[in-house]
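K.L.:
Each residue of the sequence shown is one higher than the last, beginning at -5 in the numbering used here. Cβ atoms here follow ideal geometry from the backbone N, Cα and C, with glycine treated the same way. Before we start, here is the structure in question, set down as C-alpha cells.
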Amino acid sequence: MAFGLIASAIRHVGAAPGSREDTELTTAQLFALLWSALADTLGTAATAVLVRCSARGAALEQVAVRQERLEYTYTLPPSWSDPAPAGLEDLRELCRGLRPLLVELTGTVVLRHLESVAPLRASGLLEGE
-5 MAFGLIASAI RHVGAAPGSR EDTELTTAQL FALLWSALAD TLGTAATAVL
45 VRCSARGAAL EQVAVRQERL EYTYTLPPSW SDPAPAGLED LRELCRGLRP
95 LLVELTGTVV LRHLESVAPL RASGLLEGE
C-alpha cells in the first residue's frame, strides 16, 4: 500500500524511477515525489507540519501548506515549474532543514525510504551535511 502513493506521484510527474526521464523532472515534480514519499510513511498531517517547519527555516515564504477539509494542499513558487535547475537550490535548502527533523523523529528510517525513490536520490536533495 505504501508504494501506491509513490507510484501515483511518479505517474503524475510522468517518469518512472530510474528512467532516463527522471533526470528532467522540474523542482515542483521532485517536491511532489518528496511529499508523496513522506506522506506514505508519516501521513499527510505529519508531512504538512515537517514541510512547514522546514520551509520556514529555509525562509521559503512561497512554499505554503494548507489544510482544506480533511486534505492538505501545498502551493509552490512558480519558478519550481520551470525546467531544472530552477528552484532546485531552494528545495535543497528545504531538505537540509527537513533532514535533522526526520533524524530526530525517526532515526534514519524515513531518510532511507526517501533515498529509495530514484529521482530523489539522483537529484542529490537528501545528501547529508
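Over what stretch of residues does the alpha helix (DSSP H) that includes Ala22 continue unbroken?
P.N.:
Thr21 to Leu36
K.L.:
Check Glu15 in the structure and name its three-state DSSP category.
P.N.:
For Glu15, the predicted model reports a pLDDT of 49, less than 50, meaning its position is unreliable; a value from the coordinates is still stated below. Three-state DSSP puts Glu15 in a helix.
K.L.:
Roughly how many angstroms lie between the CA atoms of Pro79 and Leu24, to the nearest whole one?
P.N.:
For Pro79 and Leu24, the gap between their C-alpha atoms comes out near 11 Å.
K.L.:
Hey, quick one: how far does the alpha helix (DSSP H) through Thr100 stretch, first residue to last?
P.N.:
DSSP places Thr100 inside the alpha helix (DSSP H), whose first and last residues are Leu82 to Thr100.
K.L.:
Using only CA atoms, which one of Pro77, Gly81 and Gln61 lies nearest to Leu70?
P.N.:
The shortest C-alpha separation from Leu70 is found at Gly81.
K.L.:
Using beta-carbon positions only, say whether Pro113 and Leu27 come within less than 8 Å of one another.
P.N.:
yes
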